[in-house]
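What follows is a single structure, written as structure tokens, with notes after it.
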Amino acid sequence: MARQECRAIIEVEAPRSVAEAVEVDNVVAPPWLRVSCTWQSGTVKCTVVVEDCREPRRILSLRNTLDDLLIALKAASDAVGQP
739 MARQECRAII
749 EVEAPRSVAE
759 AVEVDNVVAP
769 PWLRVSCTWQ
779 SGTVKCTVVV
789 EDCREPRRIL
799 SLRNTLDDLL
809 IALKAASDAV
819 GQP
């Protein structure tokens, strides 16, 4: 069977400092989970990719990672005074 890849993207308007703040949290992850956050023209774009996402635990990890990213983005935005 071919491996399936799942990808989720979060995009929010925020300063570069928010993207830099959440990138630090993404350093340690299992090899089948990739997280990257970039900033361009006032938008932070975070992409989460899970390899072989047919496994239920990996889908749960994807959801939990998205939850963690949203919390981190909110905290970073609050810290720099963004609504």
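First residue of the sequence shown? That's 739 in my numbering, and the numbers climb one at a time after it.
Heads up, the beta-carbon is just placed ideally off N, CA and C, and yes, glycines get one too.
- Pairing L771 with V788 gives a Cβ-Cβ distance under 8 Å.
- Here the C-alpha atom of S815 lies approximately 9 Å from the C-alpha atom of S755.
- Judged by DSSP secondary structure, S779 falls outside any alpha helix (DSSP H); it is assigned neither H nor E.
- In the structure shown, the three-state DSSP call for E743 is strand.
- In the DSSP assignment, R801 falls within the unbroken alpha helix (DSSP H) covering 794-817.
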